[in-house]
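The working numbering puts the first residue of the sequence shown at 47, with every later residue one more than the last.
Every residue gets a Cβ at the ideal spot worked out from N, C-alpha and C, and that includes glycine.
In this text, all values refer to a predicted model and were calculated from it rather than measured experimentally.
One structure below.
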Amino acid sequence: MTDHLSDIRVAALAKNSVIKFLGPLIDRIIGLNRLQDLYRQHQFSGLDKQTFSTKLLKVLGVQIIGGDKILDKIPESGRCIVVCNHPYGMIEGVIIANLLAKKRTDTKIMANVGLQVFKEIKDYFIFANPLKPKSPINNIAIKQCFRHLHNDGVLVLFPAGRVSFYQNDKKMISDGDWDRLTVQLMKRTASPVLPVFISGTNSKLFHRMGRIYYRFRLLMLAREMLKLDQHTIKLLSANLIKAEQFSECKDKKVINDTLRLHCYLNDERYIIPWQINKQISAMATLITPSDKDLMQAELTHLPVEQHLVDYRSFSVYYAYQQQAPQCIREITRLREATFRDENEGSGESCDTDKFDATYMHLFIFDNKEREIIGAYRIGLTDKLLKDGDQSQLYLAQMFNFSANFINQQQACMEMGRSFIVKAHQHSFYGLLLLWKGIGAFVCQNPQYRTLYGTVSLSKLYDPRSVTLINKVMVTNTNSVEAKIAFKNSLHPELASFLAQHQLSAEQLSILVKGIEQDGKDIPVLLKQYHKLGAVFHCLGIDGNFNTTPGLLLSVDLPNAPDKLLKLYLGAGKDDYLAYQH
């Protein structure tokens, strides 16, 4: 056996004379003899690392799906960390190395020292010994990892350090605790991280034996690799996570567990896509725009107190349908157009229902272009519930309100159907002007102390993001329940994560940005309500709004942060706060 040949027999690896003597027997038991025969039979000796790994996967019969999508997310140049779960124990290191080297020849994988036996592929790896944390080779390996990233290379880590096993608390097979080296490397080298989920697991026998004695797992790894004939392994990931996204988080455990969660959230077994609404097969042509002269004339005739705010060329008004039918007609057209962009449109020629006639409409009018750029629909509960008939409330179609819910206790403003037209969605003044208008209205009508409504979570969001928002933001007050509840599988890793960590809205934002293929954040309106100190009650499906999920919330306006009250209520803030019922 020359230095160019890989010899994986126990007799060649062991230093103990007794183990060497028993080597042939151990080889047969744990499958190393078959692996050695495979090596010789298929003439692996002397192959370069990429040819060796490609041939090994072909000989083993392993089918890889999703590799191209992973490569698309790896930067063309510059440092990058890839973190993966460890479901098989051996083959995944070869899979990832072979894949990434197709795009980045500067890829290194931190791997178990046991893989040194394969001389042909040793250049892929930085070797460590996870079974002996204090081994000197580990310190050397960590230094090599830092050096490799500082040299702008790609580094692959399996932070569990050992193969996945059955977790009693999660009732599933997954990695043990992840080592925090990833966080240290990310923070100190400012490297982005791509969490990659590797599908599948070893055999039932492997896990049964592992539950009897954990070291049996190590002894069975070679046999498990040889069982992979015609086995399909999927590689899945969401987005590259930038180090600066964690700049505000100082807790390394939170960061580490978040990266792990990002990995496991790609498990397809827990991804349930949105159901396609078959009722909307084609979108009707939108109604024609309302006449600009007629709209402007309607605004001129509104009572002076209904003209709430002015800013540059923009004015904020409120009106009822009977006062400004052309303006409200235009609002229904613009709502439908805007909601269609968010996959929430009704499919009708405009977005309207019976509530448009009884609700107040607060909107922004651009005096220069003579057009409406955004609006809110607001129901005043003291007027709508005079006869105690909850059917007069739009949200009573979505939720069962108990006698304890705030809208049954005092005068409230039910907020809904908010929009800003596409051309103004990235402006700072759109949402700000709507809220200044709301502030001016409550200063005129200080009996309204509470706002409640829903934030629509568009179906353009991944269901996993909606699940996260629901689990992180909602505090069940037992005073309201959804008529159609949002249902989605909760990954055991997510349940475990939430049991350990109380996430902030900022940390939720990181998770959502990681999941969403276009990198979008949680809804701006959700952030707005959160800043106002909203209580989020429950998540329901709006059967009257393209089965869109809606997050019900309420805001006790007098207890909102003073800075925001000053911004929205202006000079009327003190009088509003001093108002006595």
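Just grab the DSSP bridge partners of residue i for me.
i: Y422; result: L408
i: C458; result: T496
i: S283; result: V242
i: F582; result: V520, L599
i: A528; result: F445
i: L145; result: DSSP, once it has assigned bridges, lists no residue as partnering L145.
i: F211; result: S220
i: Q230; result: Q230 pairs with nothing; no bridge assigned.
i: V26; result: Only positions 47 to 627 of the chain appear in the structure, and residue 26 is not among them; the question remains open.
i: A365; result: H407
i: E417; result: D412
i: I466; result: G420
Which one of the options has the shortest CA to CA distance from residue i?
i: L441; options: Q455, K429, M461; result: M461
i: N524; options: S448, D339, V467; result: S448
i: G589; options: S392, R375, H537, L195; result: S392
i: L480; options: Y494, R463, P492; result: R463
i: I587; options: S502, F543, K577; result: S502
i: S249; options: I183, L274, N453; result: L274
i: L272; options: Q443, L102, I556, T228; result: L102
i: P179; options: R226, D198, L201; result: R226
i: H277; options: Q190, R257, T247, P205; result: T247
i: Q213; options: L195, L231, I301, R254; result: R254
i: A236; options: F591, D198, L267, S220; result: D198
i: A328; options: L267, R315, S395, A528; result: S395
i: V467; options: V355, E294, R386; result: R386
i: E527; options: V518, N446, L554, N413; result: N446
i: A143; options: K189, I110, G124; result: I110
i: Q574; options: N592, D402, K482; result: K482
i: A624; options: L613, K609, V488; result: V488
i: G222; options: S181, Q490, N131; result: N131
i: L380; options: I561, I410, R358, Y364; result: I410
Would you identify the three-state DSSP class for residue i, choosing helix, strand or coil?
i: F447; result: strand
i: V501; result: strand
i: K619; result: helix
i: Q626; result: coil
i: A174; result: strand
i: Q342; result: helix
i: F98; result: helix
i: R55; result: Per-residue confidence for R55 stands at a pLDDT of 46, beneath the threshold of 50, marking its modelled position as unreliable; the derived number appears in the next sentence. It is coil, neither helix nor strand.
i: D387; result: helix
i: Y357; result: strand
i: C396; result: coil
i: M47; result: Interpretation of M47 is limited by its pLDDT of 40, a score under 50 that renders its predicted location unreliable; the figure taken from the coordinates is listed afterwards. Coil.
i: L611; result: helix
i: M156; result: strand
i: C489; result: helix
i: A328; result: coil
i: D198; result: coil
i: A551; result: helix
i: Y575; result: helix
i: D73; result: Unreliable positioning characterises D73 in this predicted model, as indicated by a pLDDT of 49, which lies under 50. A coordinate reading is not provided.
i: D588; result: strand
i: I568; result: coil
i: C126; result: strand
i: L203; result: strand
i: T334; result: coil
i: T594; result: strand
i: L68; result: Low local confidence applies: a pLDDT of 48 at L68 is under 50, so the model's placement there is unreliable, with the coordinate-based value given in what follows. In the structure shown, L68 sits in coil (DSSP, three-state: anything other than H, G, I, E or B).
i: N248; result: coil
What is the C-beta distance between residue i and residue j, in whole angstroms, given that I count them as a contact (C-beta under 8 Å)?
i: Y310; j: E122; result: 28 Å between Cβ atoms; not a contact.
i: S283; j: L240; result: 6 Å
i: I419; j: H470; result: 5 Å
i: K149; j: L117; result: 5 Å
i: G485; j: L615; result: 4 Å
i: E270; j: F252; result: 6 Å
i: P205; j: P509; result: No, P205 and P509 are not in contact; Cβ-Cβ is about 27 Å, not under 8 Å.
i: V518; j: L554; result: 5 Å
i: V200; j: I120; result: 7 Å
i: T404; j: L430; result: 6 Å
i: G565; j: N285; result: 6 Å
Measuring from the CB of residue i, is there a heavy atom of the ligand NAD at a distance below 7 Å?
i: T513; result: By its list of ligands, the structure shown contains no ligand whatsoever, and the ligand NAD lies outside what it can speak to.
| Meets three-Cβ-pair contact criterion under 8 Å: the region 487–503 and the region 587–598 | yes
| request: May I ask you to verify whether the region 329–340 touches the region 577–593, counting CB pairs closer than 8 Å and requiring at least 3? | output: With a cut-off of 8 Å on Cβ pairs, the region 329–340 is not in contact with the region 577–593, counting fewer than three such pairs.
| query | Any chance the region 126–143 sits against the region 162–172, with 3 or more Cβ pairs inside 8 Å? | reply | yes
| message | When you compare the region 362–374 with the region 341–350, are there three or more beta-carbon pairs, one atom per stretch, that lie closer than 8 Å? | response | Yes: at least three Cβ pairs fall under 8 Å.
| request: Indicate whether the contact test is met: 3 or more Cβ pairs, each with one atom in the region 413–428 and one in the region 526–535, closer than 8 Å. | output: no
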